[in-house]
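Residue numbers (this note's numbering), protein chains in the order written: chain A, 306 to 700; chain B, 306 to 700; chain C, 306 to 700.
All residues carry an ideal CB built from backbone N, CA and C; glycine is no exception.
A quick note: this is a predicted structure, and the numbers were derived from the prediction, not measured.
In what follows, a structure is listed as structure tokens, so that the remarks can point back to it.
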Amino acid sequence: MSAWRLVEDPAPEPAAGSAEPAQARPERPRTGARRILVVAAVVLLTLVGAGGFAAARTGMFAERPDGCVKPDRSIQLYAVELPKDGTQIRLGYGLTPETASYPGPLMEMMEGECLAITLHNMVPEATLAALRTNPDHPLGVSLHVHGVKYTQDSDGTVQSGSYVPSGGSRTYTWYAQPRNNKTGAQGTAGYWWYHDHVVGGPHGTQGLSSGLFGGLVVRRPGDPKPDRTYTVVFGDRQSINLRRGTATDTCTEVNPQPGPSCLVARKGERVEFVVVGIGNDMHTFHLHGHSWAATRTGTVPNGQPFADTIPVIDNKTLGPGDSFGLSVVAGDSVGPGHWMLHCHMQFHSDAGMSTMLHVLDENGNMPPGMDHQHGAAAPAAAAAPAPDGDTHQHN
Amino acid sequence: MSAWRLVEDPAPEPAAGSAEPAQARPERPRTGARRILVVAAVVLLTLVGAGGFAAARTGMFAERPDGCVKPDRSIQLYAVELPKDGTQIRLGYGLTPETASYPGPLMEMMEGECLAITLHNMVPEATLAALRTNPDHPLGVSLHVHGVKYTQDSDGTVQSGSYVPSGGSRTYTWYAQPRNNKTGAQGTAGYWWYHDHVVGGPHGTQGLSSGLFGGLVVRRPGDPKPDRTYTVVFGDRQSINLRRGTATDTCTEVNPQPGPSCLVARKGERVEFVVVGIGNDMHTFHLHGHSWAATRTGTVPNGQPFADTIPVIDNKTLGPGDSFGLSVVAGDSVGPGHWMLHCHMQFHSDAGMSTMLHVLDENGNMPPGMDHQHGAAAPAAAAAPAPDGDTHQHN
Amino acid sequence: MSAWRLVEDPAPEPAAGSAEPAQARPERPRTGARRILVVAAVVLLTLVGAGGFAAARTGMFAERPDGCVKPDRSIQLYAVELPKDGTQIRLGYGLTPETASYPGPLMEMMEGECLAITLHNMVPEATLAALRTNPDHPLGVSLHVHGVKYTQDSDGTVQSGSYVPSGGSRTYTWYAQPRNNKTGAQGTAGYWWYHDHVVGGPHGTQGLSSGLFGGLVVRRPGDPKPDRTYTVVFGDRQSINLRRGTATDTCTEVNPQPGPSCLVARKGERVEFVVVGIGNDMHTFHLHGHSWAATRTGTVPNGQPFADTIPVIDNKTLGPGDSFGLSVVAGDSVGPGHWMLHCHMQFHSDAGMSTMLHVLDENGNMPPGMDHQHGAAAPAAAAAPAPDGDTHQHN
Numbered sequence: 306m307s308a309w310r311l312v313e314d315p316a317p318e319p320a321a322g323s324a325e326p327a328q329a330r331p332e333r334p335r336t337g338a339r340r341i342l343v344v345a346a347v348v349l350l351t352l353v354g355a356g357g358f359a360a361a362r363t364g365m366f367a368e369r370p371d372g373c374v375k376p377d378r379s380i381q382l383y384a385v386e387l388p389k390d391g392t393q394i395r396l397g398y399g400l401t402p403e404t405a406s407y408p409g410p411l412m413e414m415m416e417g418e419c420l421a422i423t424l425h426n427m428v429p430e431a432t433l434a435a436l437r438t439n440p441d442h443p444l445g446v447s448l449h450v451h452g453v454k455y456t457q458d459s460d461g462t463v464q465s466g467s468y469v470p471s472g473g474s475r476t477y478t479w480y481a482q483p484r485n486n487k488t489g490a491q492g493t494a495g496y497w498w499y500h501d502h503v504v505g506g507p508h509g510t511q512g513l514s515s516g517l518f519g520g521l522v523v524r525r526p527g528d529p530k531p532d533r534t535y536t537v538v539f540g541d542r543q544s545i546n547l548r549r550g551t552a553t554d555t556c557t558e559v560n561p562q563p564g565p566s567c568l569v570a571r572k573g574e575r576v577e578f579v580v581v582g583i584g585n586d587m588h589t590f591h592l593h594g595h596s597w598a599a600t601r602t603g604t605v606p607n608g609q610p611f612a613d614t615i616p617v618i619d620n621k622t623l624g625p626g627d628s629f630g631l632s633v634v635a636g637d638s639v640g641p642g643h644w645m646l647h648c649h650m651q652f653h654s655d656a657g658m659s660t661m662l663h664v665l666d667e668n669g670n671m672p673p674g675m676d677h678q679h680g681a682a683a684p685a686a687a688a689a690p691a692p693d694g695d696t697h698q699h700n
Numbered sequence: 306m307s308a309w310r311l312v313e314d315p316a317p318e319p320a321a322g323s324a325e326p327a328q329a330r331p332e333r334p335r336t337g338a339r340r341i342l343v344v345a346a347v348v349l350l351t352l353v354g355a356g357g358f359a360a361a362r363t364g365m366f367a368e369r370p371d372g373c374v375k376p377d378r379s380i381q382l383y384a385v386e387l388p389k390d391g392t393q394i395r396l397g398y399g400l401t402p403e404t405a406s407y408p409g410p411l412m413e414m415m416e417g418e419c420l421a422i423t424l425h426n427m428v429p430e431a432t433l434a435a436l437r438t439n440p441d442h443p444l445g446v447s448l449h450v451h452g453v454k455y456t457q458d459s460d461g462t463v464q465s466g467s468y469v470p471s472g473g474s475r476t477y478t479w480y481a482q483p484r485n486n487k488t489g490a491q492g493t494a495g496y497w498w499y500h501d502h503v504v505g506g507p508h509g510t511q512g513l514s515s516g517l518f519g520g521l522v523v524r525r526p527g528d529p530k531p532d533r534t535y536t537v538v539f540g541d542r543q544s545i546n547l548r549r550g551t552a553t554d555t556c557t558e559v560n561p562q563p564g565p566s567c568l569v570a571r572k573g574e575r576v577e578f579v580v581v582g583i584g585n586d587m588h589t590f591h592l593h594g595h596s597w598a599a600t601r602t603g604t605v606p607n608g609q610p611f612a613d614t615i616p617v618i619d620n621k622t623l624g625p626g627d628s629f630g631l632s633v634v635a636g637d638s639v640g641p642g643h644w645m646l647h648c649h650m651q652f653h654s655d656a657g658m659s660t661m662l663h664v665l666d667e668n669g670n671m672p673p674g675m676d677h678q679h680g681a682a683a684p685a686a687a688a689a690p691a692p693d694g695d696t697h698q699h700n
Numbered sequence: 306m307s308a309w310r311l312v313e314d315p316a317p318e319p320a321a322g323s324a325e326p327a328q329a330r331p332e333r334p335r336t337g338a339r340r341i342l343v344v345a346a347v348v349l350l351t352l353v354g355a356g357g358f359a360a361a362r363t364g365m366f367a368e369r370p371d372g373c374v375k376p377d378r379s380i381q382l383y384a385v386e387l388p389k390d391g392t393q394i395r396l397g398y399g400l401t402p403e404t405a406s407y408p409g410p411l412m413e414m415m416e417g418e419c420l421a422i423t424l425h426n427m428v429p430e431a432t433l434a435a436l437r438t439n440p441d442h443p444l445g446v447s448l449h450v451h452g453v454k455y456t457q458d459s460d461g462t463v464q465s466g467s468y469v470p471s472g473g474s475r476t477y478t479w480y481a482q483p484r485n486n487k488t489g490a491q492g493t494a495g496y497w498w499y500h501d502h503v504v505g506g507p508h509g510t511q512g513l514s515s516g517l518f519g520g521l522v523v524r525r526p527g528d529p530k531p532d533r534t535y536t537v538v539f540g541d542r543q544s545i546n547l548r549r550g551t552a553t554d555t556c557t558e559v560n561p562q563p564g565p566s567c568l569v570a571r572k573g574e575r576v577e578f579v580v581v582g583i584g585n586d587m588h589t590f591h592l593h594g595h596s597w598a599a600t601r602t603g604t605v606p607n608g609q610p611f612a613d614t615i616p617v618i619d620n621k622t623l624g625p626g627d628s629f630g631l632s633v634v635a636g637d638s639v640g641p642g643h644w645m646l647h648c649h650m651q652f653h654s655d656a657g658m659s660t661m662l663h664v665l666d667e668n669g670n671m672p673p674g675m676d677h678q679h680g681a682a683a684p685a686a687a688a689a690p691a692p693d694g695d696t697h698q699h700n
């Protein structure tokens with residue numbers, strides 16, 4: 306029975322040893338209603354298997370947040386097991402099982418939009434069992450999101466029952482509540498992230514460290530439109546985007562393909578970063594040659610009187626759970642080049658938490674010259690100036 | 306003798322080995338005046354005991370900050386020893402000796418107000434001695450405050466002599482200096498805190514870790530008026546509000562009483578948080594389902610052109626000494642529920658730095674459904690979905 | 306060969322095992338041009354020695370950022386070895402070799418200004434060799450700057466080749482790009498810092514920990530004009546400005562000379578702080594009795610409608626790489642006194658990361674009274690109130 310109730314005028318405390326206080330009794334009829342619903346859930350379970358269990362388990366809380374009458378859009382999301390990284394189990398979210406990765410796919414919403422995401426848990430139960438230390442902790446994967454609105458049904462937590470057993474699926478509803486001058490709602494436009502909250506323990510610590518996280522951008526009409534967006538995640542394993550050791554830079558010299566591990570842009574393009582902190586440590590996002598404003602979008606509204614008060618920064622500290630966004634005009638004033646992007650905690654950057662934003666010229670070419678190496682793992686011979694000026698790393 | 310002086314035109318350095326520089330001499334008459342005052346102090350000491358000693362010891366610095374002609378209000382504050390937490394000594398501030406707690410009582414001021422607080426040190430000297438490792442460090446308790454104005458006499462530090470021996474008392478004066486367009490004074494409205502600065506060492510490290518801290522809100526006319534205010538302190542012992550292990554949630558299902566360890570509200574109420582960091586570690590304040598603006602009050606002035614630039618966040622990193630405030634409309638859009646409030650550093654939340662904001666519906670009832678468990682210490686059996694949907698923890 | 310190129314329409318991936326993709330070929334002529342330049346560099350090397358090597362090595366990237374047609378001002382900067390601090394090697398930047406220090410000299414620029422800084426590396430190669438653990442890492446000193454604009458040639462990194470071997474020199478160009486309403490450039494006015502990025506490893510970790518860093522202020526017309534500016538650096542060695550143990554306070558009672566280790570001001574003076582974080586740890590800047598606004602300059606534009614939303618703080622967390630500035634009116638409302646400035650991480654302040662802002666009265670005198678001691682290293686006997694009120698530390 307669940308009889309939470311805040312009474313208007315607190316009754317006197319019952320004497321020690323007294324029976325259940327009277328206030329709880331009016332709630333009893335609700336329990337009856339609950340029982341009926343549970344029976345229905347059990348029937349459903351028989352029909353659809355374990356996957357329907359989680360979905361049917363709740364239902365007393367609203368399915369959708371106020372303001373979302375029905376979802377504007379629906380997507381499918383898959384939680385899958387990826388190849389191990391050494392002995393480390395890796396999991397990822399993907400819009401298809403085949404494209405799952407860490408970070409997971411960048412989600413984009415417009416303020417005012419309501420999005421239904423059906424999460425399919427394709428991670429074997431044995432894998433989830435291997436990631437927990439407490440044998441009583443439930444096995445499942447969830448989707449917890451920052452910044453946007455959702456009810457308890459979409460909280461993605463153990464105590465709300467909003468997670469998905471292996472082989473099951475569950476629909477989470479996210480509402481990008483817009484600003485409202487009347488209610489004072491401040492809007493949800495921002496740079497957010499989503500992650501598991503269940504794998505391994507009640508805070509999803511093993512889900513997070515295995516790779517179950519991704520970025521979310523909620524845009525507001527009029528926001529600067531980026532030419533490219535990169536998600537950069539700082540975690541505990543001394544690397545960007547959860548890779549151990551040196552951040553992998555998969556850029557090739559010819560036709561480098563933008564992606565989670567190849568940050569490339571042409572001069573003049575607006576490059577957007579979604580920056581997320583996970584784990585247990587503090588980190589800093591530092592980008593050489595570029596800076597941004599400490600505003601919602603990282604841009605400054607020149608010409609507005611208050612613009613003069615806004616700090617401009619090129620290094621921002623973030624803790625676990627923090628997320629922020631910014632955009633820069635690649636190469637503005639500073640030109641093309643291999644611009645370092647690293648954590649400014651020295652032992653983090655020395656251990657490999659460092660990569661490059663490769664800014665090509667307007668024609669898509671990189672002027673010849675010194676080439677890029679990444680921190681500690683850079684071949685030392687290449688790091689030293691070579692007599693012929695050639696340091697091509699990608700042949 | 307105290308002859309600090311910045312001369313207008315620095316005289317040439319005296320030759321090595323020369324005697325005292327001439328500039329110090331004009332200060333001598335002051336020393337005479339000081340001697341007289343000290344005699345008075347000694348007399349006072351005889352009359353009122355050690356308690357009067359600290360109060361009488363200074364006096365060359367102003368007693369009250371500029372702008373405070375005389376206090377608008379006076380309160381009594383008691384520093385007392387509380388029952389040990391295991392082997393850990395606990396101290397607390399209280400408006401009465403009987404109600405001392407950690408965090409101490411929330412102080413509230415309006416900008417422009419001047420407040421006199423008389424601190425009575427009821428902590429036994431033997432307890433204070435047990436908390437210091439350096440036998441030469443003085444024994445006493447003090448009141449140091451952030452954000453508002455005070456003179457050296459109210460600094461609460463060893464070197465200013467503004468602390469209170471056991472059995473003594475001392476009046477501290479806080480001035481919530483208002484904004485002033487002429488002088489550029491930026492005002493003191495904000496979310497601050499107060500703490501001991503003397504117990505155990507010159508930075509009050511043992512006073513802080515024992516419990517001598519509390520929140521302070523300075524309001525400005527027109528600020529949003531909260532329905533409920535909760536002080537949340539993040540410290541080193543992996544818990545909120547300094548409790549070891551799992552944060553205690555003392556909410557009962559029927560008629561939960563709001564308090565430091567029972568965060569409860571009805572849907573639609575404006576809930577204010579005063580968030581304080583103490584100790585040595587970084588933490589983050591994360592609240593599920595709710596977000597706030599990165600402004601002085603945590604609210605956003607919709608309709609103002611600059612409102613669009615303000616970041617909205619749901620996770621904020623804080624270091625020791627930091628304090629901030631925010632308010633949210635409980636359950637706005639997301640509805641009632643057991644909304645987690647936790648540090649997003651995973652080993653902190655896993656170790657118990659996690660509690661709940663219980664949002665009831667407008668009638669003060671909680672819809673039935675999954676119930677709340679707090680992190681690592683939650684009984685695992687209850688965490689698993691029960692067939693009958695009952696997870697009541699409080700019977 | 307350096308053939309970085311982003312092609313407009315990606316050609317199909319070459320079959321596995323195929324030879325070099327065709328797209329690389331059009332770049333070949335550039336390689337020829339590069340070879341010619343390299344020959345020139347080798348000739349130059351013969352003429353000017355190793356010092357000219359670094360300067361000649363690049364050249365394909367622009368020497369100066371867009372907007373800087375030619376430098377408005379040129380200065381010389383020297384990197385030198387300082388006396389060891391115990392067994393710790395110390396390096397410093399100076400405007401002359403004799404005045405090198407850590408932090409290095411405060412640099413000041415106006416927005417719109419272009420500054421050429423010629424760095425002379427006077428640090429012996431053997432010293433640089435002693436600071437590296439990887440024998441393949443190049444030996445040199447560099448100048449990397451935050452916030453302002455510079456090309457790859459002035460990046461101060463290994464991979465751009467923009468560093469200086471012992472005995473050599475190199476000119477770095479910094480451009481304090483102004484705001485531009487048309488391009489949206491947000492301006493570079495702010496509180497920044499500069500540092501080595503090469504000594505010991507690719508992130509200059511040993512250069513930083515040895516002392517190669519300093520503050521930079523870029524001002525905008527109309528900014529508040531400080532009477533005094535102090536640079537305060539928080540690093541790993543539990544002290545301010547990189548000194549081990551207790552922060553040295555070199556203030557003398559008579560005619561204290563403002564400097565990196567003597568923070569002094571008269572009541573009413575505008576005191577500006579440039580605050581920088583280096584190393585691996587988080588720190589907080591806390592100043593007793595004074596507060597500031599969370600804006601670009603630390604001041605609040607009273608009378609503007611948005612001023613009311615700006616948080617006012619007296620404790621600010623910073624991570625490595627972060628820098629910020631603020632100014633306070635010394636003693637405003639609170640009067641003269643020995644106002645503590647410390648990190649609020651308790652084990653940092655207890656270990657000595659604590660100093661004083663000595664605020665004298667308008668005539669340059671300090672009222673007699675309790676005197677200053679600095680945290681853990683303060684002589685305990687002096688810390689206890691002395692019967693005659695005399696605690697002068699500087700006789």
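{"Asked": "Mind checking LEU311(B): buried by the 16 CB within 10 Å criterion, or exposed?", "Found": "buried"}
{"Asked": "Have a look at HIS588(B) and ASP655(B) and give me their C-alpha separation to the nearest angstrom.", "Found": "13 Å"}
{"Asked": "For ASP377(B) and THR488(A), I'd like the C-alpha separation in whole angstroms.", "Found": "35 Å"}
{"Asked": "What number of angstroms, rounded off, separates the C-alpha of PRO388(C) from the C-alpha of ARG437(B)?", "Found": "37 Å"}
{"Asked": "Okay, do the segment 587–602 of chain B and the segment 446–460 of chain A touch, 3+ Cβ pairs below 8 Å being the bar?", "Found": "yes"}
{"Asked": "So, does the segment 568–576 of chain B touch the segment 649–668 of chain B, judging by three or more C-beta pairs under 8 Å?", "Found": "yes"}
{"Asked": "PRO625(B) by DSSP, collapsed to three states: which one?", "Found": "coil"}
{"Asked": "Going along the segment 468–497 of chain A in order, which residues come within less than 7 Å of chain C, judged by CB to CB distance?", "Found": "none"}
{"Asked": "Does chain C have any CB closer than 8 Å to the CB of LEU311(A)?", "Found": "no"}
{"Asked": "Rank SER465(B), GLY473(B), ALA481(B), HIS649(B) by C-alpha distance to the C-alpha of TYR383(B) and give the top, closest one.", "Found": "GLY473(B)"}
{"Asked": "How would you call ILE701(A), buried or exposed, if buried means at least 16 neighbouring beta carbons within 10 angstroms?", "Found": "Limits of chain A in this structure are 306 at one end and 700 at the other, which puts residue 701(A) out of reach."}
{"Asked": "Is any beta-carbon of chain C found at less than 8 Å from that of PHE366(B)?", "Found": "yes"}
{"Asked": "What did DSSP end up calling ALA490(A) once you bin it into helix, strand or coil?", "Found": "coil"}
{"Asked": "Rounded to whole angstroms, what's the CA-CA distance from ASP554(C) to MET658(C)? Just pull it up for me.", "Found": "11 Å"}
{"Asked": "Taking the C-alpha atoms as reference points, what is the distance between VAL559(A) and TRP309(C)?", "Found": "5 Å"}
{"Asked": "Over the uninterrupted beta strand (DSSP E) stretch that includes HIS647(A), give me the two end residues.", "Found": "642–647"}
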